[in-house]
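Visitor: Counting from 1, one number per residue, gives the positions in the first sequence under the UniProt record's numbering.
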Amino acid sequence: MAQDNVSNNTIATKHRGRRTSFTEDHLKILTDTFNKTPYIGYASRQRLALETNTEEFTIQYCFQNRRTRHGFQKKSEPEEHLESSQNRDHAEEKIQSRNDRQPRIKYTWSQLHTLNKAFIGNNYPGRDSIEKLAKEIGVSESRVKVWFQNHRSSCCIQRKKEANEGLEQRQNQGQDLCDESLEGIEST
DNA sequence: AGACTAACGTAATCATCGG
DNA sequence: CCGATGATTACGTTAGTCT
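(1) Judging by CA-CA distance, which residue of Thr23, Leu27, Phe148 and Gln171 is the nearest neighbour of Arg66?
(2) Quick one: complete beta strand (DSSP E) runs, 3+ long, within the UniProt domain "Homeobox" (13–73)?
(3) By Cβ distance, which residues of its chain are closer than 8 Å to Arg19, with the 5 residues on each side in sequence left out?
(4) Give me the Cβ distance between Leu50 and Ile29, rounded to the nearest whole Å; I'm assuming they're in contact under 8 Å.
(5) Less than 7 Å separating the beta-carbons of Phe34 and Ser142?
(6) First and last residue of the alpha helix (DSSP H) that includes Ser110?
(7) Compare the C-alpha of Arg69 against each of Cys155, Pro38, Glu136 and Ser140 and name the closest.
(8) When burial is assigned at 16 or more other CB atoms within 10 Å of the CB, is Glu108 buried or exposed?
(9) Would DSSP call Gln171 helix, strand or coil?
(10) Check for me: the alpha helix (DSSP H) holding Ser129 runs from which residue to which?
(11) Would you call Thr31 buried or exposed, if buried means 16 or more other Cβ atoms sit within 10 Å of its Cβ?
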């Protein structure tokens, strides 16, 4: 479902670059850490990235995928149905990891200007573009990825909002204008 | 207090790599 | 070729900052 838009929209995903292949030692470090704490904060991600000679975002993918594949916190299952003692521990870890978030960036006007310009050109930048942008504005690639994620999302919400407002206006104005106003909604 | 938005969560899926 | 799993997405939530 989520992928419908994506496949229509982008070629960027066709160029995912090389996938990381962890050595046995690194895999052991990751597995041990995951078994102890499936939810880790920013500091731990950075430390693990250093230890395994990868990027902080790679560690994030690794833990995200493991949580999903180990059946952590399935939406369909209420928490009390999971193994209780383990689950309580993970809840604490989750809170702990939340308290250890990456510090929030305050983008400058010129950084935002650069990001917006790039976004207008391409909503789904590939690796090279992300790398270039990150260098240009002086933040990490993962922050650029997150900015694009959030920006796509907020643009989508904005469009829906505008479409709804247009609909309300039309309803207020009466039914006769039906055909013309439809075009207006689609162009915004 | 509420709006805005960076950071982060899950679930679904794509794509690459090794057997 | 196929299974395992790293990488990416949409969408929802949490929390910091500003007005």
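Every residue, glycine too, gets a C-beta built ideally from N, C-alpha and C.
Guide: If we stick to the structure as given:
(1) If you number the first sequence from 1, residue 66 lands on position 66. Nearest neighbour of Arg66 by Cα position, chosen from Thr23, Leu27, Phe148 and Gln171, turns out to be Leu27.
(2) The DSSP assignment places no complete beta strand (DSSP E) segment of no fewer than 3 residues inside the UniProt domain "Homeobox" (13–73).
(3) On the first sequence, residue 19 is found 19 positions in, with the first residue counted as 1. Within the same chain, no Cβ atom closer than 8 Å to the Cβ of Arg19 is found once the five residues on either side in sequence are excluded.
(4) Within the first sequence, numbered from 1, the residue matching residue 50 stands at position 50. Within the first sequence, numbered from 1, the residue matching residue 29 stands at position 29. Not confirmed; about 11 Å, so no contact.
(5) Within the first sequence, residue 34 is the residue found at index 34, counting from 1. Within the first sequence, residue 142 is the residue found at index 142, counting from 1. No.
(6) As a working note, residue 110 is residue 110 in the first sequence. Annotation: the continuous alpha helix (DSSP H) that includes Ser110 extends over Trp109 to Gly121.
(7) The residue labelled residue 69 in the question sits at position 69 within the first sequence. Minimum Cα distance to Arg69 is reached at Pro38.
(8) Against the first sequence, residue 108 aligns to sequence position 108. Per the sequence shown, the amino acid found at residue 108 is Thr instead of Glu. With fewer than 16 other Cβ atoms inside 10 Å of its own Cβ, Thr108 counts as exposed.
(9) To locate residue 171, count along the first sequence from 1; it is residue 171. Here Gln171 carries a helix assignment [DSSP, helix/strand/coil].
(10) Here the question's residue 129 lines up with position 129 in the first sequence. Arg127 to Ile137 is the span of the alpha helix (DSSP H), which, as asked, contains Ser129.
(11) Within the first sequence, the letter at position 31 stands for residue 31. With fewer than 16 other Cβ atoms within 10 Å, it is exposed.
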